[in-house]
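Heads up, the sequence shown is in the working numbering, so the first residue is 621 and it goes up one at a time. Only one structure is covered here, and it is reproduced in the block below.
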Amino acid sequence: MSETTSISLSQDAKNAEAVALDAARIQQALASGRFGNPLHYFREIGSTNSHARELAEAGAAEGMVVVAESQSQGRGRLGRRWESPAFTNLYLSILLRPKLAPAHAAQITLMAAVALADAVEVYVPGQVAIKWPNDILIGKKKLAGILTEASCDPERIHHVILGIGINLNYTSDAMPEDLRRRATSLLEITGKPVHRESFLQALLQGIERCYGELEQAGFAALAQRWQAYFAWRGRRVRVKLLDQVTIGTAKGIDPDGALVLIDDYGSEQRILAGDVIPLET
Ligand code: BT5
Numbered sequence: 621m622s623e624t625t626s627i628s629l630s631q632d633a634k635n636a637e638a639v640a641l642d643a644a645r646i647q648q649a650l651a652s653g654r655f656g657n658p659l660h661y662f663r664e665i666g667s668t669n670s671h672a673r674e675l676a677e678a679g680a681a682e683g684m685v686v687v688a689e690s691q692s693q694g695r696g697r698l699g700r701r702w703e704s705p706a707f708t709n710l711y712l713s714i715l716l717r718p719k720l721a722p723a724h725a726a727q728i729t730l731m732a733a734v735a736l737a738d739a740v741e742v743y744v745p746g747q748v749a750i751k752w753p754n755d756i757l758i759g760k761k762k763l764a765g766i767l768t769e770a771s772c773d774p775e776r777i778h779h780v781i782l783g784i785g786i787n788l789n790y791t792s793d794a795m796p797e798d799l800r801r802r803a804t805s806l807l808e809i810t811g812k813p814v815h816r817e818s819f820l821q822a823l824l825q826g827i828e829r830c831y832g833e834l835e836q837a838g839f840a841a842l843a844q845r846w847q848a849y850f851a852w853r854g855r856r857v858r859v860k861l862l863d864q865v866t867i868g869t870a871k872g873i874d875p876d877g878a879l880v881l882i883d884d885y886g887s888e889q890r891i892l893a894g895d896v897i898p899l900e901t
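Below, the structure written as structure tokens:
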């Protein structure tokens with residue numbers, strides 16, 4: 621891991637240099653806001669979430685951002701891997717210190733999903749969907765994922781690391797075979813490369829705005845915007861968490877951000893965590 625200054629570059633890295641993010645420029649563009657000051661930039665890192673957590677534990681302030689061009693140990697939920705090819709996508713983590721009750725920490729993921737969907741919507745109007753709780757889909761394919769890791773005690777949240785991976789410019793040959801059917805990038809959909817710096821700046825500003833709304837007005841207004849992006853409302857779905865499976869018709873989310881299903885007996889079930897799979901196409 622090297623926080624970038626001068627290093628000797630291979631030819632590949634020199635080619636990539638032309639499209640590397642300019643961290644100083646991004647930080648300057650965000651100077652008047654709460655997020656992105658400081659912004660720590662790495663060409664390569666294990667996981668931006670892991671590094672952000674170390675900085676959080678060392679006392680870093682809310683709004684700090686870690687961005688990397690590639691990750692060797694990019695993580696999804698439950699220890700899954702996040703493919704992080706270099707210089708094409710965005711991998712970032714934001715440190716938050718929300719004054720929420722620990723039971724409401726999941727609202728951070730849902731708040732970020734709204735901001736992320738809004739940022740993507742600009743490029744592919746009308747095509748973005750949120751898959752509860754943490755995926756952004758275009759059609760049936762995954763464009764982005766969110767990994768929220770909270771450090772709490774029973775009374776309060778110490779910090780939340782909000783990690784986001786979003787596929788902007790990868791071409792499918794950069795992805796392992798088994799992911800090509802399930803994942804996509806904005807370049808693949810629109811045929812046009814995305815200017816990553818502009819996207820990152822807009823995304824951070826959007827998350828800052830949504831986070832401010834959550835702090836000031838609570839989750840209800842964001843929940844309505846979330847519902848408008850919700851994939852599979854009214855569809856029969858199966859939700860799996862470890863060895864527990866729940867089947868029902870997806871209704872939406874409740875004010876706490878739990879997924880609400882109507883089960884086969886007509887009862888409402890609130891689901892706090894898990895993976896959702898639609899049962900019919
Ligand atoms: C997620 O987990 O979707 C959360 C991903 C968060 C990644 C960011 S990158 C910056 C920050 N630092 C980290 O270390 N992580 C965060 P989950 O819902 O568990 O989905 C993981 C699954 O998505 C994998 O098992 C694959 O099936 C699929 N997947 C992996 N890489 C992908 C990619 N680049 N694009 C689309 N799908 C992918």
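Glycine residues also receive a C-beta, built at the ideal position from the N, C-alpha and C atoms. Given the structure is predicted, the values throughout are model-derived calculations rather than measurements.
Residue i, buried or exposed, once every other Cβ within 10 Å from all chains shown has been counted against 16
i, result
"D755", "buried"
"K634", "Its pLDDT being 41, under 50, K634 is placed unreliably by the model, and nothing is read from it."
"E808", "buried"
"Q902", "Coverage of the chain is limited to positions 621 through 901, which leaves residue 902 absent and any answer about it impossible."
"S805", "buried"
"T668", "buried"
"A643", "buried"
"H778", "exposed"
"S652", "exposed"
"T810", "exposed"
"A733", "buried"
"I627", "Because I627 sits at a pLDDT of 33, beneath the cut-off of 50, its placement in the model cannot be relied upon, and the following sentence gives the value as read from the coordinates. Answer is exposed; the Cβ neighbour count stays below 16."
"E775", "exposed"
"R663", "buried"
"H815", "exposed"
"S887", "exposed"
"G854", "exposed"
"A749", "buried"
"Y885", "exposed"
"V742", "exposed"
"I891", "buried"
"D632", "For D632, the predicted model reports a pLDDT of 44, less than 50, meaning its position is unreliable; a value from the coordinates is still stated below. By the neighbour-count rule (16 or more Cβ atoms within 10 Å), D632 is not buried but exposed."
"P745", "exposed"
Residue i beta carbon near the ligand BT5 (any heavy atom closer than 7 angstroms)
i, result
"I784", "yes"
"L767", "yes"
"W702", "yes"
"Q691", "yes"
"N754", "yes"
"T668", "yes"
"L712", "yes"
"L803", "The sequence given here places Ala at residue 803; Leu does not occur at that position. A803 Cβ: within cutoff of the ligand BT5."
"G854", "no"
"R845", "no"
"N657", "no"
"G696", "yes"
"K760", "no"
"L799", "yes"
Close Cβ partners of residue i (< 7 angstroms) along its chain, the five nearest in sequence each way excluded
i, result
"A841", "E833"
"I646", "G656, L659, E817, L820 and Q821"
"M731", "C830, Y831, L834 and L842"
"P875", "F839, A840 and A843"
Delimiting residues of the alpha helix (DSSP H) encompassing residue i
i, result
"D738", "A726 to E741"
"Y831", "R816 to A837"
"R697", "Note, R697: premise wrong, no alpha helix (DSSP H); not H, not E."
"Y849", "A840 to Y849"
"L799", "E797 to R800"
"L806", "L806 to T810"
"A583", "Here the chain covers residues 621 to 901 and nothing more, so residue 583 does not appear."
"R856", "First-last for R856: R856 to L861, but that is the beta strand (DSSP E), not the alpha helix (DSSP H)."
"I665", "No alpha helix (DSSP H) contains I665, which DSSP labels as neither H nor E."
Element boundaries [beta strand (DSSP E), containing residue i]
i, result
"A676", "No beta strand (DSSP E) contains A676, which is instead part of the alpha helix (DSSP H) from T668 to E677."
"S713", "L710 to L716"
"L767", "K761 to C772"
"E888", "E888 to I891"
"A688", "V685 to A688"
"A749", "V748 to K751"
Cutoff 6 angstroms; reference residue i; Cβ partners in own chain excluding five residues on either side
i, result
"G894", "V859, K860 and L861"
"G666", "S692 and Q693"
"A636", "Summary for A636: the model assigns pLDDT 47, below 50, so the residue's position carries little reliability; its value from the coordinates is reported in the next sentence. Correct list, in chain order: F707."
"N787", "N709, L763 and S805"
"V896", "W752, V857 and V859"
"S771", "H778 and H779"
"A672", "V686, S713, L715 and I781"
"G785", "W702, Y711 and G765"
Contact test: residue i Cβ vs the ligand ADP heavy atom, cutoff 7 angstroms
i, result
"N787", "Looking at this structure, you won't find the ligand ADP anywhere; what it does contain is the ligand BT5."
Spatial neighbours of residue i in its chain, beta-carbon cut-off 8 angstroms, leaving aside the 5 residues before and after
i, result
"P705", "S690, Y790, A794 and M795"
"I873", "L730, W752, A843, W846, Q847, F850, L879 and V880"
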